[in-house]
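What follows is a single structure, written as structure tokens, with notes after it.
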Amino acid sequence: MRLTRRAFFKVAGVTAGTGIAVAASARSAGPAPVDPGLPGVLVDATRCTGCRACEAACAEANKNPAPDAAADMSVRRDTSQHVFTVINQAEGPAGAPRFGKKQCMHCLAPACASACPVRAMDKLPTGPVVYDPGKCMGCRYCMVACAFDVPKYEYERAAPRVRKCNFCSERQAAGLAPACTSVCPSGALTFGKREALLEEAKRRIYADGSTYVRHVYGEHEVGGTSWLYISDIPFEKMALNTGMPERPYTDLVAGALGVPPFIMTLWPPLLMGLYTFSKRRDEVDEKEVHHG
Amino acid sequence: MANGIALTGNSSFFREKVLLGMGWGEYLRSLLTPANAVAAVILAVGIPLLAYRFAAGLGATTALSQAYPWGIWIGFDMMTGIVLAAGGFTIGASVQLLGLKDFHGIERSAILTAFLGYVMAVIGLLADLGRPWNIVQAVFSFGSASPLFEVAWCVMCYTTVLLLEFTVPFFEWLGWRKLHAVLKKMLIALTVLSVVFSTMHQSALGSLFLLAPTKLHPLWYSPFIFIFFFISAILAGISMAVIESSISHKVFARQLVGKHVDVDALVCGLGKAGAVVAFAYFFIKLQGVIDGHAWGHLATGWGALFLVETVGLVLVPSLLFAWGARHREPRAVKVAAVLAVGGIILNRLNVAVIAMNWTNPIRYVPSWMEVWVSLTLVTLGVVAFRWIVNRMPIIREDSAFPQEH
Amino acid sequence: MTSDFLAIYPAKLMEYGLAITYLLLFIPMWRYVQGGQKVLAVQPVQGRHDAERWPAVAVAAPWPSLGWFQVPAGVALHPGHTWARLEADGLVSVGVDDFAQRLVAPSTVELPQTGAVVTQGEAAVAIGDGRHSVPLVSPVNGTVVAVNRAVAEDPNLLQNAYGTGWLFKVKAPRLEADQRQLLHAQAARHFLDGEAEALAMRASPEVGQVLQDGGAPVHGLARVLAGDDGWEALAREFFHTEKGTP
Chain A
2 MRLTRRAFFK VAGVTAGTGI AVAASARSAG PAPVDPGLPG VLVDATRCTG CRACEAACAE
62 ANKNPAPDAA ADMSVRRDTS QHVFTVINQA EGPAGAPRFG KKQCMHCLAP ACASACPVRA
122 MDKLPTGPVV YDPGKCMGCR YCMVACAFDV PKYEYERAAP RVRKCNFCSE RQAAGLAPAC
182 TSVCPSGALT FGKREALLEE AKRRIYADGS TYVRHVYGEH EVGGTSWLYI SDIPFEKMAL
242 NTGMPERPYT DLVAGALGVP PFIMTLWPPL LMGLYTFSKR RDEVDEKEVH HG
Chain B
606 MANGIALTGN SSFFREKVLL GMGWGEYLRS LLTPANAVAA VILAVGIPLL AYRFAAGLGA
666 TTALSQAYPW GIWIGFDMMT GIVLAAGGFT IGASVQLLGL KDFHGIERSA ILTAFLGYVM
726 AVIGLLADLG RPWNIVQAVF SFGSASPLFE VAWCVMCYTT VLLLEFTVPF FEWLGWRKLH
786 AVLKKMLIAL TVLSVVFSTM HQSALGSLFL LAPTKLHPLW YSPFIFIFFF ISAILAGISM
846 AVIESSISHK VFARQLVGKH VDVDALVCGL GKAGAVVAFA YFFIKLQGVI DGHAWGHLAT
906 GWGALFLVET VGLVLVPSLL FAWGARHREP RAVKVAAVLA VGGIILNRLN VAVIAMNWTN
966 PIRYVPSWME VWVSLTLVTL GVVAFRWIVN RMPIIREDSA FPQEH
Chain C
3 MTSDFLAIYP AKLMEYGLAI TYLLLFIPMW RYVQGGQKVL AVQPVQGRHD AERWPAVAVA
63 APWPSLGWFQ VPAGVALHPG HTWARLEADG LVSVGVDDFA QRLVAPSTVE LPQTGAVVTQ
123 GEAAVAIGDG RHSVPLVSPV NGTVVAVNRA VAEDPNLLQN AYGTGWLFKV KAPRLEADQR
183 QLLHAQAARH FLDGEAEALA MRASPEVGQV LQDGGAPVHG LARVLAGDDG WEALAREFFH
243 TEKGTP
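Chains as they are written, first to last, in the working numbering: chain A, 2 to 293; chain B, 606 to 1010; chain C, 3 to 248.
Right, dumping it as structure tokens:
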């Protein structure tokens, strides 16, 4: 009368095994060749004086409220729905302060854009990761996905938006540099092509007598970001998130997302097979009962 | 077999079908029960709360923050709601595809539970979304690199399938034979689709958290989290079928007079399945911990929470299911089912809210309004379930539409 | 980097070890769960007896058509062994069915008063042997408008259960809804066949054998099966009016 459990498990086991094998082979992109034309910014913490001109320029360019002049930079500050970049202060060598700038990292393989179900967060081919409130449904998955905790939400509004730095994509489209980099007086922020900036960063790190930490923050983190940092104190001291994987986040879901087409293909024949199998058993049972 | 006797009175369709043959006065008086009073209180506060949420925004009604963008409306209403509605595809597939006709008596109520569960989950989702009017964007702008895109589409498709499956008893109730025959023929195809879509979105709900390796505690974060979510969905389906059918067959016992669906025997049969699934699920959860090299965390407070969830609320129910099934003790099976459901709820809350942002010393605690809205949605689901079962052939059989056995 | 690589080995050892442990535990687990008595879960319209009474066999056979108890066309049966029939004048006749009167072979009949309100599924009449009497439930909701005095005076009329044995007539405002709970035509016949088989199984094996050979049931079968004092409980069980039932 019923499908024998042994047969069921046999068939299910084979299919499940295939499915798991497919899924577990999380494909790794490997070090993909990066478009040399992509923009980047090199942030050199040894040159930042903490003047916060970048904060003011950003606020003006994005029509956000002007930054609070009296803010204490040694208490960890974060971006918010009306503040797209902040400077945090840390203690550097010989008691001198060091300053770290936080803003959207414009990842090469942005987790937020890959997370967005409607491409409200999207990566432009020219580099910036931008946000379109017209498409956004407010699921806030981008906030969960971002390893740098960048996107912030306007919970207080009736039609809330996700808010973050957009790399001044319109200024860049017009051939200008982003607002923050164009006002930096000390040369801490250098806007250019990422490839070239990476080389410059390494040149500075490996120059004779340099005291830099031997790591370019953003070179490999989450598969690489557009904003690159070099510093002579550990990056986590400057309120920058560390410890994230060096694989792009898109790799993390690639395996799982590869499975659905296999399910759509394999499940129907498997299930219809089980159905036919169990129907035949019923028919055979009925015949036996009537004859016996 | 035709219903040859026309024992019909002269009452209107509305009176017979909706008011259960009573006049308005009598019907309204029949609603005055203690259970309805409790439900009324919950809804009297909850429905205005929902309206207030849409008027005043998320900041005014929830405890969500920049560090905690997802709270219990996602963690419980949506994620737990969807997993506990998994009985629709597990029981449906067991009956229609595996030929386990014994469970036919609870198949329709399982599908109804699933349908209402998904409707309530969608309402909970709409309450949580910041710009819910843009939910239709998923139909036009394809964020196909996102597991949430897959969830959205599969939930849409699956809710449609559930609706179509539900129309079979619905059309029996209305007596619309032609449409009923059409839908009945589609039932096998619908069941196959229900398993396909359910597999996809139950697992995709787990895949969502693949993008949070730094935020979700290592004991729960695993590249295999989507497998855990799928297997626990099957376990949830089995356990909810035990709980829901036991309660329904007691509450609606009048509909079964003379029909002998031995619920205790069905419950023990489900207990067998629950024992095996829970046993396997326990072991694969451990495998996930080993694979992630996270066994060191078991000695911490988080480890204690993990062990409560997996040993206390997966392994223990597995053994209890096994004992109850073997010794034909339906009460043990029911207790096991409650424990297993508790474990699954705890798992979803752990993944979405509790073990999320585990390094953040500030913890998320839901606001009373969030809790009340969740309670409201559960109440609405239960009330709708009761309204439908009192009228349509979900538990009882409509003699004009005989079931083949 | 090296330590990361080497860390793979103990992890893999644990993984495979756990998987093998699971497989070893799975075998006894499976056997344990599958052990225990087999059960028939669904026996529609057959009876409410414990699964223990039934043999451990998968049933795909058609119902045994013993044809002991009759139900004519036009009559709707309540599983509590009462029946309802819509008459030409719009009233509904109610009585106890063939099974009930053969089971009890009553010598007393208690009828409701005219004007009384009867509720579907709740006790409305009682039949007895003078020492005990058992209630039966009404098959429909309604108000009693007529009562069959002849049956109260001569309970033997009950042997024509669906004709002269009618008990009372009601005005039934919710007939369409009520009849959903009732059994018609073939379903009713199947039900009675099932009840017959249930009765047969209750009997001692020798009596069961004889009955299965096509004999007719003895009048007052309940007393034969359960004795002068025990028949009441047996009848109440079949009529869904066990003591303590509301």
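All C-beta atoms in this analysis are idealised placements derived from N, C-alpha and C, irrespective of residue type, glycine included.
Span separating the alpha-carbon of residue i from that of residue j
i	j	result
Asn167/A	Tyr132/A	8 Å
Val153/C	Val773/B	45 Å
Tyr207/A	Pro186/A	25 Å
Thr212/A	Lys102/A	20 Å
Tyr826/B	Glu755/B	20 Å
Leu190/A	Val956/B	39 Å
Trp963/B	Gly680/B	15 Å
Leu815/B	Ala114/A	15 Å
Leu15/C	Asp6/C	15 Å
Ala750/B	Ala743/B	12 Å
Ser833/B	Pro111/A	Inspection of the sequence shows that residue 833/B is occupied by Phe rather than by Ser. One C-alpha to the other measures close to 26 Å.
Val646/B	Ala989/B	16 Å
Thr804/B	Gln104/A	39 Å
Leu113/C	Leu185/C	23 Å
Trp977/B	Met845/B	23 Å
Leu564/B	Ala642/B	This structure gives no information on residue 564/B, because the portion of chain B shown stretches from 606 to 1010.
CA nearest to the CA of residue i, picked from the options
i	options	result
Ala883/B	Phe618/B, Ile832/B, Ala945/B, Glu849/B	Ala945/B
Phe170/C	Gly19/C, Arg87/C, Arg182/C, Lys245/C	Arg87/C
Ala95/A	Ile234/A, Thr277/A, Leu275/A	Ile234/A
Pro118/A	Thr984/B, Arg996/B, Cys759/B, Ala794/B	Cys759/B
Val727/B	Ala690/B, Ala1005/B, Glu777/B	Ala690/B
Ala60/A	Phe192/A, His216/A, Val87/A, Met122/A	Val87/A
Val617/B	Val127/C, Ala179/C, Gln161/C	Checking the displayed sequence, the identity of residue 617/B turns out to be Ser instead of Val. Out of Val127/C, Ala179/C, Gln161/C, Ala179/C has the C-alpha closest to the C-alpha of Ser617/B.
Thr110/C	Leu194/C, Ala235/C, Leu160/C, Gln181/C	Leu160/C
Asn952/B	Val913/B, Val976/B, Gly780/B	Val913/B
Pro141/C	Ala174/C, Thr166/C, Glu17/C	Ala174/C
Pro935/B	Ser851/B, Val916/B, Leu920/B	Ser851/B
Gly780/B	Val970/B, Ala941/B, Lys622/B, Met791/B	Lys622/B
Gly893/B	Phe694/B, Leu824/B, Thr984/B	Leu824/B
Ala180/A	Arg195/A, Val42/A, Thr127/A	Val42/A
Gly986/B	Met725/B, Gly710/B, Leu633/B, Ile836/B	Met725/B
Lys280/A	Gly630/B, Ser670/B, Leu702/B	Leu702/B
Gly704/B	Arg282/A, Lys288/A, Leu199/A	Arg282/A
Val787/B	Val797/B, Phe776/B, Ile830/B	Phe776/B
Arg238/C	Val149/C, Ala125/C, Ser95/C	Ala125/C
Practice item. Could you please tell me which residues of the region 810-824 of chain B, in chain order, have their CB closer than 9 Å to any CB of chain A? Key: Gly811, Ser812, Leu813, Phe814, Leu815, Leu816, Ala817, Pro818, Thr819, Lys820
Check your understanding: Pairing CB atoms from the region 921-931 of chain B with CB atoms from the region 868-878 of chain B, are three or more of them under 8 Å?
Key -> yes
Review point. The region 663-689 of chain B: which residues have C-beta closer than 7 Å to a C-beta of chain A, in chain order?
Key: Leu663, Gly664, Leu669, Gln671, Pro674, Trp675
Check your understanding: Going along the chain, which residues of the region 884-910 of chain B sit with their C-beta nearer than 7 Å to a C-beta in chain C?
Key -> Phe884, Phe888, Leu891, Gln892, Ile895, Asp896, His898
**Study point:** Complete beta strand (DSSP E) runs within the region 139-202 of chain A (minimum length 3 residues, chain order)
**Key:** 190-194
Review point. Any chance the region 765-772 of chain B sits against the region 730-750 of chain B, with 3 or more Cβ pairs inside 8 Å?
Key: no
Check your understanding: Which residues, in order along the region 774-791 of chain B, keep a beta-carbon less than 9 Å from a beta-carbon of chain C?
Key -> none
Review point. Listed in chain order, which residues of the region 128-157 of chain A have Cβ atoms closer than 7 Å to some Cβ of chain B?
Key: Lys136, Cys137, Met138, Gly139, Cys140, Arg141, Tyr142, Met144, Val145, Ala146, Ala148, Lys153, Tyr154, Tyr156, Glu157
Point to revise | Contact residues within the region 52-64 of chain A, judged by C-beta distance below 9 Å to chain B | key: none
Exercise for review: Note down, in chain order, all residues in the region 175-192 of chain A with a beta-carbon under 9 Å from any beta-carbon belonging to chain B.
Suggested key: none
**Study point:** Contained alpha helix (DSSP H) runs [length at least 4] in the region 608-683 of chain B, N- to C-terminal order
**Key:** 618-622, 629-635, 639-661, 663-666
Check your understanding: Between the region 800-815 of chain B and the region 654-670 of chain B, do at least 3 Cβ pairs fall closer than 8 Å?
Key -> no
Check your understanding: Taking the runs of the alpha helix (DSSP H) that are 4 residues or longer, which of them lie wholly in the region 932-1008 of chain B?
Key -> 935-954, 973-996
Exercise for review: State whether the region 75-87 of chain C contacts the region 97-113 of chain C, with contact taken as three or more CB pairs (one from each stretch) at a distance under 8 Å.
Suggested key: yes
Check your understanding: Taking any Cβ of chain B, which residues in the region 162-175 of chain C have a Cβ under 9 Å from it, in chain order?
Key -> Ala174, Pro175
**Study point:** Members of the region 716-745 of chain B that neighbour chain A once the beta carbon cut-off is set at 7 Å
**Key:** Leu734, Gly735, Arg736, Pro737, Asn739, Ile740, Gln742, Ala743
Exercise for review: Return the residues of the region 618-635 of chain B that lie within a Cβ-Cβ distance of less than 7 Å from chain C, sorted by chain order.
Suggested key: Glu621, Leu625, Gly626
Exercise for review: Starting from the N-terminal side, write out each stretch of the alpha helix (DSSP H) that is 4 residues or longer and does not extend beyond the region 772-810 of chain B.
Suggested key: 782-790
Review point. In chain order, what residues of the region 178-198 of chain C put their CB closer than 9 Å to some CB of chain B?
Key: Glu178, Ala179, Asp180, Gln181, Arg182, Gln183, Leu184, Leu185, His186, Ala187, Gln188, Ala189, Phe193, Gly196
Review point. Within the chosen definition, does the region 145-165 of chain A reach the region 668-685 of chain B through at least 3 CB pairs nearer than 8 Å?
Key: yes
**Study point:** Continuous beta strand (DSSP E) assignments of at least 3 residues falling wholly in the region 71-143 of chain A
**Key:** 87-92, 98-103, 122-124, 130-132
Review point. Between the region 4-20 of chain C and chain B, which residues of the former have CB atoms less than 7 Å from a CB of the latter, in chain order?
Key: Ala9, Ala13, Met16, Glu17, Leu20
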